[in-house]
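In the working numbering, the protein residues as written are 662 to 789.
Glycine is no exception: its CB is placed at the ideal position from the N, C-alpha and C atoms.
The model shown is predicted, which means the values in this text are computed figures rather than measured ones.
Encoded as structure tokens, the structure appears first; notes follow it.
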Amino acid sequence: MDEPRRSITRRALGSRGEEIAARFLSAAGYRILARNWRVGRYEIDIVARRGGDVVFVEVKTRRPGPQPAAESITPSQRRNIGHAAAAWIRSHPHLGSAFRFDLVAVTWPEGGPPRVEHIPAAFDAHGP
Numbered sequence: 662m663d664e665p666r667r668s669i670t671r672r673a674l675g676s677r678g679e680e681i682a683a684r685f686l687s688a689a690g691y692r693i694l695a696r697n698w699r700v701g702r703y704e705i706d707i708v709a710r711r712g713g714d715v716v717f718v719e720v721k722t723r724r725p726g727p728q729p730a731a732e733s734i735t736p737s738q739r740r741n742i743g744h745a746a747a748a749w750i751r752s753h754p755h756l757g758s759a760f761r762f763d764l765v766a767v768t769w770p771e772g773g774p775p776r777v778e779h780i781p782a783a784f785d786a787h788g789p
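What follows is the structure, given as structure tokens:
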């Protein structure tokens, strides 16, 4: 992480944000079950468990700007995450029936450390 942040590609920034989010959740008592879980064209950034809840986590990593990360999840993205979550649930039926969709927003200012915000039950996977 010593390279100038300006030179980090969008994809690399996203990967670093997901790593930070996974470490943050682990430190908060979540057990990471899967990362970048894919089914067809759908993906879940992080699948975690805490207590009896299975948590599908969308990670948004960005530079500071006018639009909060929580507002950047479009209805289409929510539906896609919902499709992926449904497939994950079907393939892991033994893990229970309490599920939710969280957001971890990682804001990474130029020249500063990343700031992490965890929003439990941030969205419904079926729409706005």
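Cα-Cα separation, residue i to residue j
i, j, result
"Asp706", "Glu771", "24 Å"
"Ala783", "Phe762", "6 Å"
"Arg776", "Phe717", "20 Å"
"Gly690", "Ala759", "17 Å"
"His779", "Ala682", "9 Å"
"Gly712", "Val767", "24 Å"
"Arg751", "Glu680", "26 Å"
Burial state of residue i, where buried means 16 or more other Cβ atoms lie within 10 Å
i, result
"Ile743", "The displayed chain sequence assigns Gly, not Ile, to residue 743. Looking at its Cβ environment, which holds 16 or more other Cβ atoms inside 10 Å, Gly743 is buried."
"Arg692", "exposed"
"Glu704", "exposed"
"Ala786", "buried"
"Arg657", "The chain is shown from 662 up to 789; residue 657 falls before or after that span and cannot be answered."
Paired residues, beta bridge with residue i - DSSP
i, result
"Trp698", "Ile705"
"Glu719", "Leu764"
"Asp776", "Per the sequence presented here, residue 776 reads as Arg, with Asp not at that position. Arg776 is bridged to Thr768."
First and last residue of the uninterrupted alpha helix (DSSP H) at residue i
i, result
"Ser687", "Arg671 to Ala688"
"Ala747", "Pro736 to Ser752"
Query raised in the report: Is the segment 673–685 close to the segment 714–724, with three or more CB pairs under 8 Å?
Result: A contact exists between the segment 673–685 and the segment 714–724.
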